[in-house]
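Residue numbers (the UniProt record's numbering), protein chains in the order written: chain A, 1 to 298; chain B, 1 to 293.
Backbone N, C-alpha and C define an ideal beta-carbon position, used for all residues, glycine too.
Quick notes on the structure that follows.
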Amino acid sequence: MKRSTLSNWPLHLLLLPAVILLLVYCYGPMFGIVIAFQKFIPAKGFLGSDWIGFDNFRYILSLSDMREIMWNTVYISVMKIIAGVVVPLTVSLLLNEIRHRLFKRGVQTLIYLPHFLSWVILGGILVDILSPSTGIVNAFLGLFGINPVYFLGENSWFPYVLVISDIWKEFGFSTIIYLAALTGINPSLYEAAVMDGASRIKQIWHITLPGIRTIVVLLMTLSLGNVLNAGFEQVFNLYSPQVYDSGDIIDTYVYRMGLISAQYGPATAIGLFKSVISLVLISTTYYLAYKFAKYRIF
Amino acid sequence: MHYTTRPMRVFQWFNAFLLGLLALLCVLPIIHILAVSFSSSAAATAGLVRFWPIDFNVKSYEFVLSSGLFLKSLLVTLERVGIGVAVNMLLTLITAYPLSKDSERFKQRTIYTWFMLVTILFSGGIVPLFMIVRETGIMGSIWALILPGAVPVFNVILLLNFFRNLPKELEEAAFIDGAGHMSTLFRIFVPLSLPALATIGLLTVVNHWNAWFDGLIFMNSPDRYPLQSYLQTIIIQRDYSNMTEQDLKTMQLISDRTIKSAQIFLGALPILLLYPFLQKYFVTGITLGSVKE
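In structure tokens form, the structure reads like this:
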């Protein structure tokens with residue numbers, strides 16, 4: 001049977017709006033990277049501004065802040081990546097042991113609620129509860145005789161507050177994914193193990209963990225592509241000049257340099273640097289994910 | 001499965017206690033904020049409020065809901081959610097449909113697919129985007145909040161994978177009966193993908209409601225900010241320069257803390273109301289894109 005005589009032009013037509021919008025608002029900024037090689041003046045535009053070669057790059061490499069920002073970014077995001085696997089995995093294993101269905105469902109419902117709230121809302125909540133004077137966290141610690149801690153204003157605390165609050169927002173979401181993978185394990189494997197006299201711990205070790213190994217490796221691999229994304233929206237809503245030393249990351253620095261101080265060229269140069277490294281990381285992780293877990297997004 | 005041994009029963013109770021505590025910890029901060037927002041200024045300023053309002057009153061809510069900027073920004077957000085969701089959903093549909101065709105039938109599919117993929121892999125960064133938004137003349141208008149993110153590539157991928165799993169025979173039958181691409185899309189694919197569309201639609205609403213950064217940088221004047229951007233300046237940056245003198249005076253009478261709490265709660269309220277639905281479609285949403293041929 002002839003499959004179809006339908007012509008393809010309506011398909012092209014359907015794609016046209018998306019192609020135009022992506023050309024302007026995604027490919028346009030990619031072309032706009034030329035700013036990194038210019039002494040960019042908005043009135044002169046992308047083509048009219050003076051070209052200055054690699055001067056912007058030389059300038060940013062000479063900045064004393066650069067090392068600190070790179071370190072903060074990688075340090076914070078690596079902690080987040082590790083915690084982002086360990087915590088949800090543990091919680092999903094524990095949840096999987098709960099037999100009371102309503103209780104299990106109730107816990108699930110509560111833990112991923114923060115995922116849907118914006119960092120403005122969560123940031124506002126955190127600023128309030130972590131306040132050294134009126135915050136409920138310090139009031140609670142006070143019961144044990146601990147002096148108020150300025151969690152958001154001390155460099156020794158700030159990165160860890162970022163990691164913990166990121167877990168608060170996101171661990172519920174990943175827990176659900178792991179839990180879905182856990183329920184996909186063939187129950188007859190457990191039955192056979194029980195017949196053979198395997199304890200619950202042994203069942204977890206020999207059946208549950210191998211059963212979700214693929215998804216754990218996959219999610220871990222994909223998150224590696226985000227090493228330079230330490231969470232702009234979160235940091236931006238929680239940090240202040242007191243904690244720039246420990247909490248200023250690439251994205252917040254680029255924002256301040258580019259859009260507040262109007263140093264367009266150097267800011268774009270840092271952004272380009274980050275985009276290129278991210279591209280390499282993401283491509284590599286997608287390739288690895290495809291190779292080892294047969295994962296592909298298309 | 002029943003646990004008869006004593007250590008197992010102890011573990012069960014301990015485990016349930018631990019998880020219950022964890023779940024409670026996740027929502028207690030939100031409950032605390034809610035309690036503060038309904039408390040008197042004196043109790044809030046003294047830090048006495050825990051998880052239940054002290055001297056219950058609604059003064060803070062009255063103040064917030066009568067403040068011009070709050071309501072104005074709420075209107076901008078409603079406008080943005082309305083237009084933004086419609087634009088996103090329509091573009092998701094008409095983009096996912098052609099891309100769901102086999103490459104043997106639609107030869108250029110691969111080129112289009114890569115064209116979309118590149119936008120996930122690489123971006124120009126914030127400064128060039130800012131300049132492009134400026135060059136295209138939409139700075140300060142509602143379109144600055146809609147057009148730059150008008151094509152949600154991830155949602156397109158979710159939906160096209162869903163389309164690819166629909167039975168091919170339906171489409172073939174429609175073509176043989178003389179239906180064109182448009183009617184196949186809107187009269188066969190759309191009705192069959194309603195659960196998928198509901199999931200994507202809900203997430204799109206949440207995204208538009210929650211977005212704040214684009215409002216902050218693309219809307220020139222604070223009276224055009226969407227709600228979350230306005231809340232960002234008030235709650236996080238503590239920038240009161242745009243408030244009227246009258247507002248500032250009233251604010252001194254009520255506590256700054258209870259007002260902020262009321263604003264935080266109001267900013268989260270629509271999400272809390274949508275949450276039961278989000279939850280229902282949520283797991284569907286995660287697994288939506290995972291089934292491959």
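Please confirm if residue i has its CB atom under 8 Å from at least one CB of chain B.
i      : result
A/T90  : no
A/W157 : no
A/K2   : Model confidence at A/K2 stands at a pLDDT of 46, short of 50, so the residue's coordinates are unreliable and nothing is read from them.
A/E68  : no
A/L14  : yes
A/V78  : no
Nearest chain A C-beta to residue i closer than 8 Å, yes or no?
i      : result
B/V291 : Note that B/V291 has pLDDT 40, beneath the 50 cutoff, so the model's placement of it is unreliable and the number below is only indicative. No, its Cβ sits nowhere closer than 8 Å to a Cβ of chain A.
B/I94  : yes
B/L147 : yes
B/K260 : yes
B/G68  : no
B/R257 : yes
B/L15  : It should be pointed out that residue 15 of chain B corresponds to Asn in this sequence rather than to Leu. Interface residue, yes.
B/R9   : no
B/W143 : no
B/P53  : no
B/R50  : yes
B/F213 : yes
B/H181 : yes
Alpha carbon to alpha carbon, how far is residue i from residue j?
i                      : j      : result
A/G271                 : A/I52  : 17 Å
A/L143                 : B/V49  : 15 Å
B/S221                 : B/G140 : 7 Å
residue 347 of chain B : A/F46  : Absent from the model: residue 347 of chain B. The displayed extent of chain B is 1 to 293, so no value can be given.
B/Y230                 : B/L69  : 8 Å
B/R6                   : B/A16  : 16 Å
A/K274                 : A/W71  : 13 Å
B/V291                 : B/E79  : Because the pLDDT at B/V291 is just 40, under 50, the model does not fix this residue reliably, and the value given afterwards should be weighed accordingly. Taking the straight line joining both Cα atoms gives about 35 Å.
A/Y255                 : B/P167 : 48 Å
B/S67                  : B/S60  : 11 Å
A/R200                 : A/P88  : 20 Å
B/W52                  : A/P187 : 45 Å
A/V149                 : A/P159 : 14 Å
B/I33                  : B/S123 : 37 Å
A/F140                 : B/G47  : 11 Å
A/K104                 : A/L95  : 7 Å
B/F218                 : A/L152 : 28 Å
B/F115                 : A/L22  : 9 Å
B/F56                  : B/F277 : 31 Å
B/T110                 : A/S223 : 26 Å
B/V64                  : B/Y225 : 16 Å
B/D177                 : B/L90  : 25 Å
A/Y75                  : A/E233 : 17 Å
A/T175                 : A/Q203 : 20 Å
A/I177                 : B/D256 : 40 Å
A/D196                 : A/L189 : 11 Å
A/T268                 : A/K39  : 11 Å
Using only alpha-carbon positions, find the residue among the options that is nearest to residue i.
i                      : options                           : result
residue 314 of chain B : B/V27, B/V76 and B/R6             : No answer is possible for residue 314 of chain B: the residues shown for chain B start at 1 and end at 293.
A/K169                 : A/N155, A/V280, A/I125 and A/Q263 : A/I125
A/G28                  : B/M131, B/F17, B/C26 and B/L274   : B/M131
B/I188                 : B/P195, B/D177 and B/E171         : B/E171
B/W212                 : A/G258, A/H100 and A/W119         : A/W119
B/V58                  : B/Q279, B/S261, B/Y281 and B/L273 : B/S261
B/L159                 : B/A179, B/D177, B/V190 and B/I31  : B/V190
B/L121                 : A/S283, A/K291, A/Y287 and A/L288 : A/S283
B/A86                  : B/I200, B/L266 and B/L216         : B/I200
A/V276                 : A/R67, A/A18, A/I33 and A/L13     : A/I33
B/D223                 : B/I126, B/T258 and B/Y240         : B/Y240
Which residues in the same chain as residue i place their Cβ atom closer than 6 Å to its Cβ, once the five residues preceding and following it in sequence are excluded?
i      : result
A/S131 : none
For residue i, which residues from the same chain have a beta carbon less than 7 Å from its beta carbon, with the 5 sequence-adjacent residues on both sides left out?
i      : result
B/A174 : T184 and I188
A/T73  : L228, A230, I249 and I250
A/L209 : none
For residue i, I'd like the list of residues in its chain whose CB is within less than 8 Å of its CB, leaving aside the five on either flank, ordered along the chain.
i      : result
A/L179 : S92, L95, N96 and Q108
Say whether chain D places a C-beta atom closer than 8 Å to the C-beta of residue i.
i      : result
A/V217 : Note that chain D does not occur in the displayed structure, where the protein chains are A and B.
Positions along the stretch 232-254 of chain A whose CB lies within less than 9 Å of some CB in chain B
F232, E233, F236, N237, L238, D251 and V254
Quick one: which residues of the stretch 19-39 of chain A get their C-beta closer than 8 Å to a C-beta of chain B? List them in chain order.
V19, L21, L22, V24, Y25, C26, Y27, G28, P29, M30, F31, G32, I33 and I35
Members of the stretch 252-271 of chain A that neighbour chain B once the beta carbon cut-off is set at 7 Å
V254, Y255, G258, L259, Y264, A267, T268 and G271
Residues of the stretch 110-127 of chain B with Cβ closer than 9 Å to any Cβ of chain A, in chain order
Y112, T113, F115, M116, L117, V118, T119, I120, L121, F122, S123, G124, G125, I126 and V127
Just by C-beta distance, which residues in the stretch 18-31 of chain B are closer than 9 Å to chain A?
L18, L19, G20, L22, A23, L24, L25, C26, V27, L28, P29 and I30
Which residues of the stretch 84-114 of chain A have a Cβ closer than 9 Å to any Cβ of chain B? Give them in chain order.
V91, L94, L95, E97, I98, R99, H100, F103, K104, G106, V107, Q108, T109, L110, I111, Y112, L113 and P114
Residues in the stretch 215-227 of chain B having any Cβ partner in chain A nearer than 8 Å
I217
Interfacial residues, the stretch 159-185 of chain A to chain B, with Cβ spacing under 8 Å:
W168, G172, I176, I177 and A180
With 9 Å as the limit, tell me which residues of the stretch 193-208 of chain A have their beta carbon closer than that to any beta carbon of chain B; keep them in chain order.
V194 and R200
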